[in-house]
Amino acid sequence: MEKVERLIAITMILLQKERVSASEFAQLFQVSKRTILRDMQTLSMANIPIYALTGVNGGYGILDTYKVDKRLLSSADLEHLLTALAGLEQLILSAEIAQTIKKIEAMVGPLALNRSMQLSFYAWEGRAELRESLKICQTALLKQRLVAFDYSDKTGVQTQRMVEPYALHFSESSWYLQGFCLDRHGYRSFKLARMGQLRMDRRGFQQRADWPAHANPTHANPQFVTIKAMVAPSIHDQIIERYGRSSIEAATAEYGLATMYVPQNPQGFQLLASFGTQIKVLEPQSYVAEFRTYLAQMLQNYA
Numbered sequence: 376m377e378k379v380e381r382l383i384a385i386t387m388i389l390l391q392k393e394r395v396s397a398s399e400f401a402q403l404f405q406v407s408k409r410t411i412l413r414d415m416q417t418l419s420m421a422n423i424p425i426y427a428l429t430g431v432n433g434g435y436g437i438l439d440t441y442k443v444d445k446r447l448l449s450s451a452d453l454e455h456l457l458t459a460l461a462g463l464e465q466l467i468l469s470a471e472i473a474q475t476i477k478k479i480e481a482m483v484g485p486l487a488l489n490r491s492m493q494l495s496f497y498a499w500e501g502r503a504e505l506r507e508s509l510k511i512c513q514t515a516l517l518k519q520r521l522v523a524f525d526y527s528d529k530t531g532v533q534t535q536r537m538v539e540p541y542a543l544h545f546s547e548s549s550w551y552l553q554g555f556c557l558d559r560h561g562y563r564s565f566k567l568a569r570m571g572q573l574r575m576d577r578r579g580f581q582q583r584a585d586w587p588a589h590a591n592p593t594h595a596n597p598q599f600v601t602i603k604a605m606v607a608p609s610i611h612d613q614i615i616e617r618y619g620r621s622s623i624e625a626a627t628a629e630y631g632l633a634t635m636y637v638p639q640n641p642q643g644f645q646l647l648a649s650f651g652t653q654i655k656v657l658e659p660q661s662y663v664a665e666f667r668t669y670l671a672q673m674l675q676n677y678a
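Laid out in structure tokens, this is it:
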């Protein structure tokens, strides 16, 4: 273990425990007591209030005034934090996030074993590839290095890109990389699943001064249209989860009338098509016409 890592570990341990002897630290980190003494001197020079007590019950400690008041986070707060982290871990399967969860679980003890909220996700094989792409992007962001990749747009056209990476963005169910594209001379948002041969370049870059003004991804703000649709009871729960209970009103003995806002693009049509025969879009007629065309094109694949 490197010295910096050992110093951080010592500080975290002393924040949690009343006192720890030099022998315990030496045994834990497999170093000599003299090394521990030097570590304590280093921490003191860094303005961390370390004190030492001699005697049978002696050891090192940190002044209570320096310790974080545990009342700032209740058991419920910690449980919510663990639940959120667990959900993020399932989405990207990050080893780093898994380590963070273990650290928090170690701090809160039995709480981690009795979480009242649990999240479940399908273990899609594609997440392994996505994890590697995320790792490359995260490393490039940290080191401020350019990334290069082959990019396939929605029409299947492939281009080679060199990008200054600025942020990773998760929207609905997809990850995006935001950055400045040197090939298009402008800010762009790239879907990670459309990237191929992703690699970090040796060259670095300085973040552009106008980046914050371009931080909002354009793909997250499509044009929405409010539609009316007849919906069967079997999909009421899905409509409620997305639009709330007030979005459905009684229409007939079997069907409800739902008011929904959906993107006026293929993604919106895909959402509606996923409900199958359990939905019938009524208005506006312009949207119905476009949706009908989309469904007709789908049927052509099976003609």
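Adding 375 to a residue's 1-based position in the sequence shown gives its number in my numbering. Yeah, the Cβ is synthetic: ideal placement off N, Cα and C, and Gly gets one too. This structure is a prediction, so every number in the text was calculated from the model and none was measured.
Between the alpha carbons of residue 588 and residue 501 lies a distance of about 33 Å. In the three-state scheme derived from DSSP, where H, G and I count as helix and E and B as strand, residue 662 is classed as helix.
The way I'd put it, the segment 513-523 does touch the segment 531-544; three or more beta-carbon pairs between them come closer than 8 Å.
Runs of the alpha helix (DSSP H) spanning 4 or more residues and lying entirely within the segment 576-646 occur at 611-618, in chain order. Membership of residue 508 in the alpha helix (DSSP H) is indicated by the continuous run 501-518. The beta carbon of residue 633 is closer than 6 Å to those of 604, 606, 614, 622, 623 in its chain, skipping five residues each way along the sequence. Minimum Cα-Cα distance from residue 611 among the listed residues 674, 602, 653 corresponds to 653.
DSSP links residue 574 through a beta bridge to 523. Counting C-beta atoms within 10 angstroms of its own C-beta, residue 426 has fewer than 16 neighbours from the protein chains shown and is therefore classed as exposed. Residue 539 carries a strand assignment under DSSP once its states are collapsed to helix, strand and coil.
Separation of the CB atoms of residue 532 and residue 522 is rounded to 20 Å, and the pair is thereby denied contact status at 8 Å.
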